Amino acid sequence: MTYDNAIAALADPTRRAIVEQLRSGPMPVGQLAKGLTVSRPAVSQHLKVLSDAGLLQVTPDGTRRLYAISPDAIAALRAYLDSLWSDALAGYAAQAAKQAKEVPDG
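In terms of my numbering, the sequence shown opens at residue 111 and continues consecutively.
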């Protein structure tokens, strides 16, 4: 899983809503579809995109499949976002230090 695939998959509001529902635990497609305004086939298509992006774990359970958030995928996405935050903080610190040097002691 690459973070760019995850970000692209999460760009869709329906897919974000699916991930939000899955925060409470694994669910089959039928249960997920009940909480959404799109059809069950559409939910299945969204689940495929999320699965292909590596964001979901799919577990067979009899005749149905249970979908769950992949902790490894979320960890990779978080690491990427943390690196952005670290870079932003480092840039802010460098700019603050530069401005502090430019201000004459009074």
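Built from N, CA and C at the ideal position, the CB exists for glycine as well.
Predicted model, so just to flag it, every value in this text is computed and none were measured.
Looking only at its own chain, which residues have a Cβ that is under 6 Å from the Cβ of residue i, when we skip the five neighbours before and after it?
i              : result
alanine 143    : Arg150, Val153
leucine 187    : Tyr113, Ala116
isoleucine 179 : Leu132
CB-CB under 7 Å to residue i, same chain, minus the five flanking residues each way: which ones, in chain order?
i             : result
alanine 127   : Leu146
threonine 124 : Leu146, Val148, His156
alanine 119   : Arg125, Val159, Leu160, Ala163, Leu165
valine 168    : Ser161, Arg175, Tyr177
glutamine 131 : Met137, Leu142, Gly145
So, with DSSP's three-state summary, where would you put residue i?
i             : result
aspartate 104 : Nothing about residue 104 can be reported from this structure: the residues present for the chain run from 111 to 216 only.
valine 168    : strand
proline 138   : strand
alanine 121   : coil
serine 149    : coil
arginine 133  : coil
So residue i packs on residue j, CB below 8 Å; how close in whole Å?
i            : j              : result
alanine 183  : glycine 201    : Alanine 183 to glycine 201, Cβ: 28 Å. No contact.
tyrosine 190 : methionine 137 : Incorrect: roughly 26 Å between the Cβ atoms, too far for contact.
How far does the beta strand (DSSP E) with residue i in it reach, from first residue to last?
i           : result
alanine 178 : 174 to 179
Tell me which residues share the same chain as residue i and place their Cβ nearer than 8 Å to its Cβ, disregarding the 5 neighbours each side in the sequence.
i              : result
asparagine 115 : Asp162, Ala163, Gly164
alanine 210    : none
valine 139     : Arg150, Val153, Ser154, Leu157, Arg174, Arg175, Tyr177
alanine 204    : none
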